[in-house]
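Quick notes on the structure that follows.
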């Protein structure tokens, strides 16, 4: 683990423009070796009857090529290890998996995916439920949406669940303590130039006589994201707020829903268009 940490940090530092001892040529050379090994692995898998579904610098996902005879994955992994002098091992077999595209294009995001292996265990990377700032309620709801997608493969069924969750928000049936957001402070309050929610939380802490320093966390609930006074946008967690901005949290839920449905072609606009079919949903959700 220590060696892996050193090598990962070293690789990134080689390409850092202000590094003291890094060399961009070393960074490029490491990347060139990685691409060569990845292409070698691709050739071995395809010759062994497997199609590459997705690949990043340290992982490759494959599935059987229809009509082709498959060599055992363990044997192919050993052949690639011998050829590339980089150890490759078979790790998981999935029942299903989704690779989440970037929000601004159809290109795949390299480290965002979710799925279930054949033992029923979740494997999740990069999406909201793995982000420390995500409120517990949205975390749980996104897992519910993933469950629904796995059971039905139906985007409308997923959106129906999302609609019910939004109705709970709009009706005030969600505990504000389950909507707490946790963000790490990166600098002092006076150093921020944008009026973000983190700044609003820092102002709120300051009004309450609590000092927060870089590296510490702020925890808060959004109560009025459009408030003119920054400190009124949020309530810090220890104030035990009893209200929340339902429209803002609905937007965040739809964003989490998009992460679940974008691998099968549904984006934010598709989801909102489907949700508009129910008059029980507040109009503020669709701004």
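In my numbering, the protein residues as written are -11 to 275. Even for Gly, the Cβ is constructed at its ideal location relative to N, Cα and C.
1) Check residue -8 in the structure and name its three-state DSSP category.
2) Candidates 99, -4, 177: which alpha carbon is nearest residue 42's?
3) Going by Cα to Cα distance, which pick from 70, 33, 74 is closest to residue 18?
4) Exposed or buried, which one is residue 103 when buried takes at least 16 other CB atoms within 10 Å?
5) Could you tell me whether the Cβ atoms of residue 176 and residue 202 are closer together than 8 angstroms?
6) Could you spell out the range, first to last residue, of the beta strand (DSSP E) harbouring residue 66?
7) To which residues does DSSP link residue 82 through a beta bridge?
8) So the alpha helix (DSSP H) residue 262 belongs to, where does it begin and stop?
9) What residues are listed by DSSP as bridge partners for residue 180?
10) Looking only at C-alpha atoms, which of 111, 168, 189, 264 sits nearest to residue 81?
11) Just checking my contact of residue 139 with residue 117 at CB under 8 angstroms: how many whole Å lie between their CB atoms?
12) Assuming residue 137 contacts residue 146 (C-beta within less than 8 angstroms), just tell me the rounded distance between them.
13) To the nearest angstrom, how far is the alpha carbon of residue 205 from that of residue 187?
If we stick to the structure as given:
1) Locating residue -8 in the chain shown gives position 4, where the first residue counts as 1. If DSSP states are grouped into helix, strand and coil, residue -8 belongs with the helices.
2) Position 54 of the chain shown, counted from the start, is the residue given in the question as residue 42. Minimum Cα distance to residue 42 is reached at 99.
3) The count along the chain shown starts at 1 and reaches residue 18 at position 30. If we check each option's Cα against that of residue 18, 74 comes out closest.
4) Looking up residue 103 in the chain shown gives position 115. Residue 103 counts as buried, since at least 16 other C-beta atoms from the protein chains shown sit within 10 angstroms of its C-beta.
5) Stepping through the chain shown from its first residue, residue 176 is reached at position 188. Stepping through the chain shown from its first residue, residue 202 is reached at position 214. With contacts defined by Cβ atoms closer than 8 angstroms, residue 176 and residue 202 form a contacting pair.
6) The count along the chain shown starts at 1 and reaches residue 66 at position 78. No beta strand (DSSP E) holds residue 66; the alpha helix (DSSP H) holding it covers 61 to 72.
7) Reading the chain shown from its first residue, position 94 is the one you call residue 82. Residue pairing of residue 82 in beta bridges, as defined by DSSP: 105.
8) The count along the chain shown starts at 1 and reaches residue 262 at position 274. Start and end: 256 to 263.
9) For the purposes of this step, residue 180 is taken as residue 192 along the chain shown, with counting starting at 1. The partner list for residue 180 (beta bridge, DSSP) is empty, contrary to what the question assumes.
10) Numbered from 1 along the chain shown, position 93 holds the residue referred to as residue 81. Measuring from the Cα of residue 81, the nearest candidate turns out to be 111.
11) In the chain shown, counting from the first residue as 1, residue 139 sits at position 151. In the chain shown, counting from the first residue as 1, residue 117 sits at position 129. About 17 angstroms separates the two Cβ atoms, so there is no contact after all.
12) If you number the chain shown from 1, residue 137 lands on position 149. If you number the chain shown from 1, residue 146 lands on position 158. Approximately 5 angstroms separates the beta-carbon atoms of residue 137 and residue 146; this is inside 8 angstroms, confirming the contact.
13) The sequence position of residue 205 within the chain shown is 217, counting from 1. The sequence position of residue 187 within the chain shown is 199, counting from 1. For residue 205 and residue 187, the distance between alpha carbons rounds to 12 angstroms.
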